[in-house]
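For the sequence shown, position 190 matches number 1198 in this note's numbering, and the numbering has no gaps at all.
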Amino acid sequence: MYDVYVGKKKSLVFPIMCNSHVSISYTENVPDIESTSSDTTDDIPYGIWGHESDWTVEALLTPYDINGSASAGRQGRTAQNNRRGVMPANGTGTFISEAYLPTSDRFGHKMCFFKCANFSLYLINTTTINSNQPAEYAIRVEYSTSSGSASFQSDTVIKAIHNRSYQYGDTNFNNHIEGFDKNSRIRFNDAGINLVAITSPSTTIQGIDPNNFAEGQQVFIRENEFDFTLLGTITTGGIAGSNITLDTTVNALSSATRLFTRTYKEPKYIDNIHHVAVGYSSTGQKLNVYYNGALVKTSTKSGATEILTFGREDIVIGKKTTGNVSASADCQFMGEIHELAVIGNYQKSFRYTNSLMPKFSETLLFLQFEEENL
1009 MYDVYVGKKK
1019 SLVFPIMCNS
1029 HVSISYTENV
1039 PDIESTSSDT
1049 TDDIPYGIWG
1059 HESDWTVEAL
1069 LTPYDINGSA
1079 SAGRQGRTAQ
1089 NNRRGVMPAN
1099 GTGTFISEAY
1109 LPTSDRFGHK
1119 MCFFKCANFS
1129 LYLINTTTIN
1139 SNQPAEYAIR
1149 VEYSTSSGSA
1159 SFQSDTVIKA
1169 IHNRSYQYGD
1179 TNFNNHIEGF
1189 DKNSRIRFND
1199 AGINLVAITS
1209 PSTTIQGIDP
1219 NNFAEGQQVF
1229 IRENEFDFTL
1239 LGTITTGGIA
1249 GSNITLDTTV
1259 NALSSATRLF
1269 TRTYKEPKYI
1279 DNIHHVAVGY
1289 SSTGQKLNVY
1299 YNGALVKTST
1309 KSGATEILTF
1319 GREDIVIGKK
1329 TTGNVSASAD
1339 CQFMGEIHEL
1349 AVIGNYQKSF
1359 RYTNSLMPKF
1369 SETLLFLQFE
1379 EENL
């Protein structure tokens, strides 16, 4: 039997710089016992709210790039990436994106796409700069039991890639390609500007065009046809006039040396669907995190005997609260959610990562944000 998927999947969209969520009400689904709405301990919950055993949470989603591009520095292109899935350029003064989510808050920003009383699932931005560096994401789990709260996260699994290319004459192509290695590094220093030679150990390189470099950026030299050697990383505050300061010492550098940095880094992930899942075993107290069907993180839940339940509160999708504080405090998700399911068993393998197709007899929650005419 063959499965055929045609056309673009629809989704629930949380735009860049949004303030939105979807909630599934507990009180509207579970009858209040003895008219004590403030006390849920005497309720008789069912479904996801009453489940006390193994479970798996799955989602198909498309995260957006919350880093955007730094406003300073050309970074090899003359135009900012202004696609709908990319945060607008940051800066000071009247920049809307900076007022919505300051650059410093973008690094480490947690985007919550599933939240209940005792369990939350996030994508967390693991980058520390946004100059030629789109956001990249790890999967983060936060949970709580009567013994306390805990959290853990995977390594970075959703990454930007170096594969942008331009044809000759394109207005974005404003530097000549000098040479590549497997990570696609490209020349950035302008013709006619010679470096000041380094003859004794120094962390400062002089005689560069500062517009072509950014704090946190790695700097390379080319030693032969296709070998590039890392000199170091530009330190915080390490760009002053025509100088850059590295975090490592350079012993010698001739005035004819050409400096290189990584080429355009693009958030190709905003064009793709990503499968994220967490499986919980009440017997082994294991929490396994999966990305596109592969196990990327495993953890043992604290509290050896207590079962991790979803609790008796509203389920929130798109941020961690139904309130309204700020994008950072609310852990606002920006991107698309195509499908989301909670299954009442401990799933360790996934047949499909492009569609969830849960077994309905074991399904506690299934949301498919499609617009189909069958």
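For each residue, glycine too, the CB sits at the ideal point set by N, CA and C.
beta-carbon residue i near the ligand MG non-hydrogen atom, thresh 6 Å
i, result
"N1362", "Looking at this structure, you won't find the ligand MG or any other ligand, since it has none at all."
Own chain partners of residue i with C-beta closer than 8 Å, once the 5 adjacent residues on each side are dropped
i, result
"K1309", "Y1151, T1153, A1158, Y1288, Q1293, K1294, L1295, L1316"
"G1249", "P1218"
"Q1141", "N1075, T1135, A1168, G1224, K1273"
"S1210", "T1257, V1258"
Residue i vs residue j beta-carbon contact at 7 Å
i, j, result
"L1131", "Y1145", "yes"
"Q1225", "T1256", "no"
"G1331", "F1341", "no"
"I1252", "F1221", "yes"
"S1128", "K1305", "no"
"V1284", "I1074", "no"
"A1097", "S1112", "no"
"P1275", "A1168", "yes"
"L1020", "I1345", "yes"
"A1143", "T1135", "yes"
"E1066", "A1302", "no"
"R1320", "P1039", "no"
"I1056", "F1358", "no"
"Y1299", "V1165", "yes"
Chain-order list of residues whose beta-carbon lies under 6 Å from that of residue i (same chain, five-residue window excluded)
i, result
"E1370", "I1351, G1352, N1353"
"E1347", "L1068, L1364, Q1376"
"S1307", "F1160, L1295"
"K1367", "none"
"E1378", "K1018"
"I1206", "V1258, A1260, L1261"
Buried or exposed by the 16-neighbour rule on C-beta atoms within 10 Å, applied to residue i
i, result
"P1023", "exposed"
"Y1034", "buried"
"Y1407", "The shown model of the chain, from 1009 to 1382, leaves out residue 1407, and the question about it has no answer."
"Y1010", "Any reading at Y1010 is ruled out, since the residue's pLDDT is 48, under 50, leaving its predicted position unreliable."
"N1259", "exposed"
"D1235", "exposed"
"I1104", "exposed"
"L1372", "buried"
"D1062", "buried"
"S1139", "buried"
"G1156", "exposed"
"G1245", "exposed"
"S1173", "The predicted position of S1173 is uncertain, since its pLDDT is 48 and thus under 50; a value taken from the coordinates is nonetheless stated next. Flag for S1173 reads exposed."
"T1064", "buried"
Bridge partners - residue i, DSSP secondary structure assignment
i, result
"Y1130", "C1120, R1148"
"Q1376", "E1347"
"R1230", "F1236"
"V1038", "For V1038, which the question treats as bridged, DSSP gives no partner whatsoever."
"S1210", "V1258"
"K1356", "Paired residue(s): none; K1356 is not in a bridge."
"Y1277", "Its beta-bridge partners do not exist; DSSP assigns none."
"E1066", "A1285, A1349"
"L1303", "Y1298"
Contacting residues, own chain, Cβ-Cβ under 7 Å from residue i (five flanking each side not counted)
i, result
"T1212", "N1251, T1253"
"H1029", "V1324, I1325, G1326, K1327, T1330"
"G1215", "I1201, N1202, L1203, V1204, S1250"
"F1374", "A1349, P1366"
"Q1175", "Per-residue confidence for Q1175 stands at a pLDDT of 44, beneath the threshold of 50, marking its modelled position as unreliable; no derived number is given."
"T1237", "F1228, I1229, E1231"
Short CB-CB distance (under 7 Å) between residue i and chain B
i, result
"S1310", "Structure shown: chain B not included; a single protein chain is present."
Beta-carbon separation (whole angstroms), residue i vs residue j, contact threshold 8 Å
i, j, result
"V1286", "V1149", "6 Å"
"D1322", "I1032", "6 Å"
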